[in-house]
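Just so we're aligned, residue 157 is where the sequence shown starts under my numbering, counting upward by one. Backbone N, C-alpha and C fix where the C-beta goes; we use that ideal spot for every residue, glycine too.
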Amino acid sequence: MTEVMQLVPYDAAMSRYEPVIGLETHVELDTATKMFCGCPTTFGLEPNSAVCPVCLGLPGSLPVTNRAAIEYTMRIGLALNCSIATWCRFARKNYFYPDMPKDFQISQYDEPLCIDGWLDVVVEGQSFRVGIERVHLEEDTGKSLHVGGATGRIHGADYSLVDYNRAGIPLVEVVTKPVPGTGALAPVVARAYVTELRDLLRALGVSDVRMEEGSLRCDVNTSLASRGAAEWGTRTETKNVNSLRSVERAVRFEIQRQAAVLDDGQKVVQETRHFHEDNGTTTPGRSKEEAQDYRYFPEPDLVPVAPEREWVDQIQAGLPQLPAARRMRLQAEWGLSDLDMSQLSNAGALDLVSETVAAGASAADARKWWMGELARYANETSTDLAELPITPAQVARVSDLIKAGTINDKLARQVLVAVLAGEGDPDAVVQARGLAVVSDDTALTEAVDAAIAANPDVAAKIRDGKTAAVGALVGAVMKATRGRADATRARELILERLG
Ligand SMILES: [Zn+2]
157 MTEVMQLVPY
167 DAAMSRYEPV
177 IGLETHVELD
187 TATKMFCGCP
197 TTFGLEPNSA
207 VCPVCLGLPG
217 SLPVTNRAAI
227 EYTMRIGLAL
237 NCSIATWCRF
247 ARKNYFYPDM
257 PKDFQISQYD
267 EPLCIDGWLD
277 VVVEGQSFRV
287 GIERVHLEED
297 TGKSLHVGGA
307 TGRIHGADYS
317 LVDYNRAGIP
327 LVEVVTKPVP
337 GTGALAPVVA
347 RAYVTELRDL
357 LRALGVSDVR
367 MEEGSLRCDV
377 NTSLASRGAA
387 EWGTRTETKN
397 VNSLRSVERA
407 VRFEIQRQAA
417 VLDDGQKVVQ
427 ETRHFHEDNG
437 TTTPGRSKEE
447 AQDYRYFPEP
457 DLVPVAPERE
467 WVDQIQAGLP
477 QLPAARRMRL
487 QAEWGLSDLD
497 MSQLSNAGAL
507 DLVSETVAAG
517 ASAADARKWW
527 MGELARYANE
537 TSTDLAELPI
547 TPAQVARVSD
557 LIKAGTINDK
567 LARQVLVAVL
577 AGEGDPDAVV
587 QARGLAVVSD
597 DTALTEAVDA
607 AIAANPDVAA
617 KIRDGKTAAV
627 GALVGAVMKA
637 TRGRADATRA
647 RELILERLG
């Protein structure tokens, strides 16, 4: 099969087609031990040092369910407005993969622990309710490492190694219902949903939600149908999309690719696809298995899970303040509009602004820097805001320096760029680069006199009372001091001299 390589421009695709998205998110739970044995779940241990007969699937070993994992999963389900099953079972999902030593994965199939909830996300001031189909519990697989190839993939590798430390770590899968009606915002809604879910999981204290370490992983489903069509299109499932930015890019790419396939009169193939971080494209993986290929059956080695009502109520009562409620509180404290707040939140800047305010900056200043200069820098360098090499305390310090009159807004931009470039704290940068505003009168007077001498016509106008011309001289002073002059004081001095 030849892949369509020419993409349809995004706006053109949106003028003819309507997308439906869906997301499956895997979250590694932050329990002390694995799902069915006592091995530790610590990240980064020596390969195959956190294993035992149960998670290696040795004959005769028996699994025992981790109570904390059940509780964490119910916490997630309740926070997502789901119903909790009064009785459910684990199931065996049978398949052979080298990183799954038992040849089956213990998962949940037709009897998930949590069903039928929702999570609201706000994008560009518009609210979208994302339906939650189910939240179920399973065990993670081990990890294969392919050695010797150029790409790290199995093709072209000399040999492969397997690390079973991750095998058996409790993994929650949150599956959304299909989300129609997002139109051109589909990629942004997908990203906003994962951001919201990540913040929710963090607030619940059930996972460290580090996407870069794989504790939060997304599969993104995308389909397209002609505008006004009665039925949805055929969906593809893009696997293991491992950053918030990539979620947005993967949906956008699939929309543009599928539009090209449909424009060409072909059919979209239902399949699994791989996302490539380097160029933002997807390529076909294996064709989608049917559920029957896995021969699911109830796990005979485990008792059913039947949480008592009191236990569920107790978890519900113990839920912390969730991100949506926290946002409402912060929005009121900071006095921001709905639109400003949703932009802040979707840019992943909420915690950063909150910490910058805690470090002494005003909410308006904190927002201005994170959403302005720093967001632009993050965008240009393809980095998430939170990953920028600058701390909220440093941003607050820049804001302080402006308030104290040591630097102005323009110089502050230079200071921020220098901090990002690793030149040290704001104070060190101001010192080293000589960026402090020139406001002492001796230095300023020299610059003012030079400006007057160099622009006699302008000076004459001002002497004649045309004070609007002062701006030109202030500009000359700013230029001569490379932006470091205190503009208000310079203006005063010019008027004193020529008044
Ligand atoms: Zn184990």
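### Cβ neighbours of residue 361 in the same chain (closer than 8 Å, five flanking residues each side left out)
Walking along the sequence shown from the start, residue 361 turns up at place 205. Cβ within range, chain order: 186, 476.
### Query
Can you name, in chain order, every residue of its own chain whose Cβ lies under 6 Å from the Cβ of residue 488, other than the five neighbours on each side?
Your numbering for residue 488 matches position 332 in the sequence shown. Result list for residue 488: empty, nothing under 6 Å.
### Message
Rounding to the nearest angstrom, what Cα-Cα distance links residue 280 and residue 261 in this structure?
### Response
For the purposes of this step, residue 280 is taken as the residue at position 124 of the sequence shown. For the purposes of this step, residue 261 is taken as the residue at position 105 of the sequence shown. The alpha-carbon atoms of residue 280 and residue 261 are separated by roughly 41 Å.
### Message
Considering Cα atoms alone, identify which of 323, 646, 592, 249 is closest to residue 209.
### Response
As a working mapping, residue 209 is identified with position 53 in the sequence shown. Comparing Cα-Cα distances from residue 209 to each of 323, 646, 592, 249, the minimum goes to 323.
### Message
Looking at the strands, I want to know which residues DSSP matches up with residue 260.
### Response
On the sequence shown, residue 260 is found 104 positions in, with the first residue counted as 1. According to DSSP, which records beta bridges pairwise, residue 260 is partnered with 250.
### Message
Out of 452, 353, 641, which one is the CA nearest neighbour of residue 276?
### Response
As a position in the sequence shown, residue 276 is number 120, starting the count at 1. Considering only alpha carbons, the answer is 353.
### Query
Between the beta-carbon of residue 303 and the beta-carbon of residue 296, is there less than 9 Å?
For the purposes of this step, residue 303 is taken as residue 147 along the sequence shown, with counting starting at 1. For the purposes of this step, residue 296 is taken as residue 140 along the sequence shown, with counting starting at 1. Contact flag unset, no.
### Query
Hey, would you say the C-beta of residue 559 is under 8 Å away from at least one heavy atom of ligand 1?
Here the question's residue 559 lines up with position 403 in the sequence shown. Outside the cutoff, so no.
### Query
Under a three-way DSSP split, which group does residue 518 fall into?
Taking the sequence shown and counting its residues from 1, one reaches residue 518 at position 362. Residue 518 falls in the coil class under three-state DSSP.
### For residue 418, the three-state DSSP class (helix, strand or coil)
As a working note, residue 418 is residue 262 in the sequence shown. Reduced to three states, the DSSP call for residue 418 is helix.
### Query
Grouping DSSP H, G and I as helix and E and B as strand, with all else coil, what is residue 409?
Within the sequence shown, the letter at position 253 stands for residue 409. Three-state DSSP puts residue 409 in a helix.
### Message
Buried or exposed, going by whether 16 or more other CB atoms sit within 10 Å of the CB of residue 535?
### Response
Mapped onto the sequence shown, residue 535 falls at position 379. So residue 535 counts as exposed.
### Message
One question on the structure: do residue 269 and residue 229 come within less than 9 Å of each other, judged by their Cβ atoms?
### Response
Mapped onto the sequence shown, residue 269 falls at position 113. Mapped onto the sequence shown, residue 229 falls at position 73. Yes, they are a contact pair.
### Message
Does residue 157 come out as helix, strand or coil in the three-state DSSP assignment?
### Response
Counting from one through the sequence shown, the residue named residue 157 turns up at place 1. Its pLDDT being 47, under 50, residue 157 is placed unreliably by the model, and the measurement read from it follows with that caveat. Correct three-state label for residue 157: coil.
### Task
Mark residue 198 as exposed unless 16 or more other C-beta atoms lie within 10 angstroms of its C-beta, in which case mark it buried.
Residue numbering aside, residue 198 sits at position 42 when the sequence shown is read from its first letter. The residue in question, residue 198, is exposed, as its Cβ has fewer than 16 Cβ neighbours within 10 Å.
### Task
Could you say which of 288, 175, 299 lies nearest to residue 253 if we only look at CA atoms?
For this step, residue 253 is matched to residue 97 along the sequence shown. With distances taken between Cα atoms, residue 253 lies closest to 299.
### Task
Please find out if some non-hydrogen atom of ligand 1 comes closer than 8 Å to the beta-carbon of residue 458.
For the purposes of this step, residue 458 is identified with residue 302 of the sequence shown, where counting begins at 1. Not under cutoff, so the answer is no.
### Task
Assuming residue 508 contacts residue 478 (C-beta within less than 8 Å), just tell me the rounded distance between them.
Within the sequence shown, the letter at position 352 stands for residue 508. Within the sequence shown, the letter at position 322 stands for residue 478. So it is not a contact: roughly 19 Å between Cβ atoms.
### Buried/exposed call for residue 645, threshold 16 Cβ in 10 Å
Residue numbering aside, residue 645 sits at position 489 when the sequence shown is read from its first letter. By the 10 Å Cβ count, residue 645 comes out buried.
#### Entry: Contact under 9 Å by Cβ, residue 630 with residue 653
Your numbering for residue 630 matches position 474 in the sequence shown. Your numbering for residue 653 matches position 497 in the sequence shown. No, Cβ-Cβ distance for residue 630 and residue 653 is not below 9 Å.
### Message
Could you give the first and the last residue of the continuous beta strand (DSSP E) run that contains residue 315?
### Response
Within the sequence shown, the letter at position 159 stands for residue 315. First-last of the beta strand (DSSP E) with residue 315: 315-319.
### Query
residue 650 lies in the alpha helix (DSSP H); which residues open and close that run?
Numbered from its first residue, the sequence shown carries residue 650 at position 494. 643-654 is the span of the alpha helix (DSSP H), which, as asked, contains residue 650.
### Nearest-angstrom Cα separation, counted from residue 438 out to residue 411
Taking the sequence shown and counting its residues from 1, one reaches residue 411 at position 255. Taking the sequence shown and counting its residues from 1, one reaches residue 438 at position 282. Rounded to the nearest angstrom, the two C-alpha atoms are 11 Å apart.
### Query
Would a C-beta distance cut-off of 9 Å place residue 407 and residue 346 closer than the cut-off?
Position 251 of the sequence shown holds residue 407. Position 190 of the sequence shown holds residue 346. In this structure, residue 346 lies closer than 9 Å to residue 407 by Cβ.
#### Entry: Nearest to residue 255 (by Cα), restricted to the options 316, 312, 246
Counted from its first residue, the sequence shown places residue 255 at position 99. Closest by alpha carbon: 316.
### Query
Going by other Cβ atoms of all chains shown within 10 Å of its Cβ, with 16 needed for buried, is residue 178 buried or exposed?
The residue given as residue 178 occupies position 22 in the sequence shown. Buried is the call here.
### Message
Is residue 412 close to chain D? Criterion is C-beta to C-beta, closer than 9 Å.
### Response
Although the question refers to chain D, the structure presented lacks it and comprises just one protein chain.
### Message
Measuring only from the beta carbon, is residue 206 closer than 8 Å to any heavy atom that is part of ligand 1?
### Response
Translated into the one-based positions of the sequence shown, residue 206 becomes position 50. For ligand 1, at least one heavy atom lies less than 8 Å from the Cβ of residue 206.
### DSSP beta-bridge partners of residue 555
In the sequence shown, the residue the question calls residue 555 occupies position 399. Note: residue 555 sits in no beta bridge, so no partner.
### Query
Using DSSP with H/G/I as helix, E/B as strand and the rest coil, what is residue 280?
On the sequence shown, residue 280 is found 124 positions in, with the first residue counted as 1. The answer is coil: DSSP assigns residue 280 none of H, G, I, E or B.
### Task
Classify residue 497 as buried or exposed, calling it buried when 16 or more other Cβ atoms lie within 10 Å of its own Cβ.
Counting from one through the sequence shown, the residue named residue 497 turns up at place 341. With 16 or more Cβ atoms within 10 Å of its Cβ, residue 497 is classed as buried.
#### Entry: Buried or exposed by the 16-neighbour rule on C-beta atoms within 10 Å, applied to residue 596
Here the question's residue 596 lines up with position 440 in the sequence shown. Exposed, by the Cβ-count rule.
### Any non-hydrogen atom of ligand 1 within 8 Å of residue 324 CB
Here residue 324 corresponds to residue number 168 of the sequence shown, with the count starting at 1. Yes, Cβ of residue 324 sits closer than 8 Å to a heavy atom of ligand 1.
### Message
Which residue marks the beginning of the beta strand (DSSP E) containing residue 301, and which one marks its end?
### Response
The count along the sequence shown starts at 1 and reaches residue 301 at position 145. Where residue 301 is concerned, the enclosing beta strand (DSSP E) stretches over 299-303.
#### Entry: residue 621, buried or exposed, once every other Cβ within 10 Å from all chains shown has been counted against 16
One-based indexing of the sequence shown puts residue 621 at position 465. Label assigned to residue 621: exposed.
### Query
For residue 395, which of helix, strand or coil comes out of DSSP?
For the purposes of this step, residue 395 is taken as residue 239 along the sequence shown, with counting starting at 1. Here residue 395 sits in strand by DSSP.
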